[in-house]
Amino acid sequence: MLKMNNISKLYQTEMVQTHALRDFNLHVEEGEFIAVTGPSGSGKTTFLNIAGMLEPFSSGQYLLDGIDVGKLNDNQRADVRNQKIGFIFQGFNLIPDLNLYENIEVPLRYRGIKANERKRRIEQCLEQVGLASRAKHLPQQLSGGQQQRVAIARALAGKPRFLLADEPTGNLDSLMARQVMELLEQINRDGATIIMVTHDPELARRAPRNIQVVDGQLADFTLYQGAQTLKNVAGV
Amino acid sequence: MLEIKPIFHALCRSKIGAILLLLQIAITTAIVSNAAFIIEDKVSYLSQETGYPEDEIFSFHVMLFGNDVESHQQFELDETMLRGLPNVIDAVYISNTPLSGSGSSSDFSINPAPEPGLSARTAYFFTDDHALNTLGLELASGRNFNESEVIVTDNNEQRANVTIITQTLADELFSDTDALGKTVYLGDIALKIVGIIKKAKGPWMKDSRPDNVALIPYINPNISGNFIVRTDVKQRAQLASTIEDEMLKSYDKRVIIRVRGLDEAKENYMAQDTLMMRMLIVLITILVLVTALGIFGLTLFNISKRTKQIGTRRALGARKSAIINYFLVENAMICTAGLILGVIAALLLGQLLMQHFSIAALPPSYIAGTALMVFVMSLLAVFGPAKRAANISPSIATRSI
Ligand SMILES: Nc1ncnc2c1ncn2[C@@H]1O[C@H](COP(=O)(O)OP(=O)(O)OP(=O)(O)O)[C@@H](O)[C@H]1O
Ligand SMILES: [Mg+2]
C-alpha cells in the first residue's frame, strides 16, 4: 500500500545542506507492523513525515494506495491525511484547551462527520483505550500514558488504514510503554498498517518487521526482513 | 466548516486575553458611537447656512477720540464715503456684526410692556436701509425701510417705529396669521413690521433662537461704531487692507480695529467647537487603531502560543482554510460579545451625555453603524495573522516537543 522509490529529502539552511534521506526505497504491504530504528539524526522522523505527507520531499516517487502523492495539492494532502492516516506523536500533541472528547472530535469534524456519528465513534474509541469515564477531563489532568492513549483514540477515531507513530513511548515509563505497545498490536490485528519509530530495542523486537535507517538510507536488512515477513505470514 | 462549540469551550478555558479584548471592543463601540454622533452634530452645526454671503462681507470697528465731531453725523459721512469707494457694492453702519458672538438681544412681545403676552427671544441690530443689500438678505414679503423711517440721532428720546424681522421670528410670534403689518414691542417701544426676511442668523449661532432676528432703522452711536462692507469675493482682501487709510483720510482722530471678514468672525466664534470636533476625530481614530492593533497583536500572540496545536490540526487533516476559519470564528465570537456589551455601554453613555451636556439622544443608527464598522475592522485585523497561522507547516507536530 506504500511505495517509496528513490525518495530524497534535502534540508537547505544558510550554513549547511543536510541530506536527511538519500535514495530511500521502501515497500509496505497492507496490514504490516513495522518498527523503524536507527541512530539519532539518521532521518527516521523525516521518513515518517514524508510518509504522512507532513512535509514535501525533494525528489523520487511516493505512492500511497496507488495515489501519486507528489501530484497532490495542499488541500488534497490534508484530506488524505484526514481520511487514511492516523498520527501518534512522542509529545502526545493533545490540544490543551479541549477536553478528551473534543480532542478526539477534531479530525472527525474536519472530515465533516455528523454529530451523532461522531459521538458514537468517540465513545467507542475512548472505551477501547480504557478512558471512557474521563471524557470531560482536560489533557493536563491525565498521566502521560493516559494522554498517549487519548492520542491513540484520536488517531483511531477516523478509522485510518495507516497509523504513523514517532516514538510513541518515548516519554513513557516501561510499564506505560508496554500498555501502549499492546494497544498498537491490537489495532494492527484489527487491520491497520502501522509504522512506528522507536529507540526501544525491546519494543522494536515485538514488531513483525524491523527496518533500520542509517544516514538517510535503509540499512541492508533484506535477509532479516524476509525471515520476519515469513514469520509474520506464518503467525497469522 | 464552523466549529463554534469547541472554539467557545476552548475560549472559556483560557479567557483572560479574550476578556481584555472583549472589553476593549465594548469601550471602543461605546465611545466611538457617541463621539461620531457628537461629531456629526458639530459638523452640521458648523456647516449650516447663515443666510449671508460671508466671503463678500467684512466688518470693522471704529472708536472716536476727537470731540470736534458728532459721532452720528460722522458715521453718516463715513457711510457715504464707503459706498463711494471703488468695488464697494454697499456699506452700512450696524450696531454689531452678525455671527460674531457679540450683539444685543431681548424679548420681543406682541403686547407693550408691562402687559403680559406672547414673547420671543430676539437678537436685534440697529442699522439703516442699506442693511438688507449689504448683508445680502432676501425679503420673503413686505419692503425695505424708507429713508424717512431711518432715525439718525444723538437724542435718546427719539425712537424708531418700524422693523424688519425674520420669517422664523414671525412664525413664532404670529403662528396663525400674517405678521406683516402687525406691531411688536421691544419693551414699550412699538415697532410695525414692514418686511419679513427669508433667513438670517443673529450674532450667536449657538443661541437657543439663532434665527430670531430683527433689524431696527435707528442710528444713535456713542463714541464707537461698527461697519460692514460688501464687495466682490476677489476684491475683499485688498479693500479690507486699505479701509483704515480711507477712514482716517476723512477724519483721523479715531482708531480702526477688528477689520475682518464675516467668515473669519464666524470661524472665530466657532473655534472652540471646531477644536472639539477635531479632537474627537483624533480620539476615535486612535481608539479604533488601538483596538485593531490589539486584535492583531492578540491573534499573533495566540498563534505563536498555539503553533504546535496548529501543526497538529494540520496533521490531523485541517485544510488551510479551516485554520483561517478557526481564528475568524474565534474573533467573531469575542467581537460579538464585546459588541453586545458595547451597545449597552453606548446607550448608557449616551444617556449620561444627554443629562449632563444637553446633547440630543444618541440615535440607534449610530450604534448599529459603529458596531458594524468595529466588526468588519476586527475581521480585517485578524485575517492577516490567521493566514500566517494557516501557513504553519504540519511537520511542526513531530518536530517540536
Ligand atoms: N527543518 C530542518 N531543517 C534542517 N535540517 C533538518 C530539519 N529537520 C531535520 N533536519 C536534519 O535532518 C536530519 C534527520 O533528522 P530527523 O529528525 O529525521 O532524525 P531522526 O532520525 O528522527 O533523529 P532522532 O532519533 O533524534 O529523532 C538531521 O541531521 C536533522 O538535523
Ligand atoms: Mg526523530
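Residue numbers (this note's numbering), protein chains in the order written: chain A, 15 to 250; chain B, 3 to 403. Heads up, the beta-carbon is just placed ideally off N, CA and C, and yes, glycines get one too.
Ala142(B) places its beta carbon less than 8 Å from that of Ile198(B). Tyr187(B) has Ser111(B), Ala192(B) as its beta-bridge partners, per DSSP. A Cβ of chain A is located within less than 8 Å of the beta carbon of Arg321(B). The beta-carbon distance between Glu51(B) and Val331(B), rounded to whole angstroms, is 49 Å. This is too long to meet the 8 Å contact definition. Across the region 373–400 of chain B, CB contacts with chain A closer than 7 Å involve Ser395, Pro396, Ser397, Ala399, Thr400, in sequence order along the chain. Closer than 8 Å to the CB of Lys310(B) there is at least one CB belonging to chain A. Within chain B, no C-beta atom comes less than 9 Å from the C-beta of Ile21(A); the nearest is roughly 15 Å away.
At a Cβ-Cβ threshold of 8 Å, Gly263(B) and Asp57(B) count as neighbours. Closer than 7 Å to some heavy atom of ligand 1: that describes the Cβ of Ser54(A).
Between the region 107–117 of chain B and the region 148–164 of chain B there are fewer than three inter-stretch CB-CB distances shorter than 8 Å, so the stretches are not counted as touching. Residue environment for Cys14(B): exposed (fewer than 16 other C-beta atoms within 10 angstroms of its C-beta). Met379(B) and Thr31(B) have their C-alpha atoms spaced approximately 12 Å apart. With respect to the 8 Å criterion, Gly84(A) and Gln75(A) are classified as neighbours on the basis of their beta carbons. Membership of Met18(A) in the beta strand (DSSP E) is indicated by the continuous run 16–26. His358(B) has its alpha-carbon roughly 11 Å from the corresponding atom of Leu351(B). In the displayed model, Ala12(B) falls within a helix according to three-state DSSP.
Under the DSSP assignment, Leu350(B) falls in the alpha helix (DSSP H) whose first and last residues are 322–359. DSSP, reduced to helix, strand and coil, places Met67(A) outside both helices and strands of the structure shown, so it counts as coil.
DSSP, reduced to helix, strand and coil, places Asp111(A) outside both helices and strands of the structure shown, so it counts as coil.
Close partners of Arg134(A) in chain B (Cβ separation under 8 Å) are lacking, with about 17 Å as the shortest Cβ gap. When C-beta atoms of the region 207–225 of chain A are compared with those of the region 31–47 of chain A, three or more pairs fall below 8 Å, so the two segments count as touching. Per DSSP, the continuous alpha helix (DSSP H) segment holding Ile41(B) begins and ends at 18–48.
Close CB contacts of Leu48(B) within its chain, under the 8 Å cut and outside five residues either way in sequence, are with Met272, Asp275, Thr276, Met279 (chain order).
Take the alpha-carbon of Thr293(B) and the one of Ala38(B): they are about 16 Å apart. Taking the C-beta atoms as reference points, Ile297(B) is found nearer than 8 Å to Leu23(B). Under the 8 Å criterion on CB atoms, Asn224(A) is classed as non-interfacial with respect to chain B.
Of the residues Trp206(B), Val345(B), Leu355(B), Lys310(B), the one whose Cα lies closest to the Cα of Gly371(B) is Val345(B). For ligand 1, no non-hydrogen atom lies closer than 7 Å to the CB of Lys310(B). By the rule that beta-carbons nearer than 8 Å mark a contact, Arg36(A) does not touch chain B. If you draw a straight line from the Cα of Phe106(A) to the Cα of Leu374(B), it is about 41 Å long.
DSSP places Leu177(A) in no alpha helix (DSSP H) but in the uninterrupted beta strand (DSSP E) bounded by 176–180. Along the length of the region 25–96 of chain A, whole beta strand (DSSP E) runs at least 3 residues long occupy 31–42, 47–51, 73–78, reported in chain order.
If the five residues before and after Arg132(A) are omitted, its C-beta is found closer than 7 Å to the C-beta atoms of Glu119, Leu122, all from its own chain and listed in chain order. Using beta-carbon distances, Ala20(B) does not count as an interface residue toward chain A, since no partner is under 8 Å.
Taking all protein chains shown into account, Ala362(B) has fewer than 16 neighbouring C-beta atoms within 10 Å of its C-beta and is therefore exposed. Its Cα nearest to that of Pro182(A), the residue Val164(A) stands out among Lys173(A), Val164(A), Gly172(A), Arg175(A).
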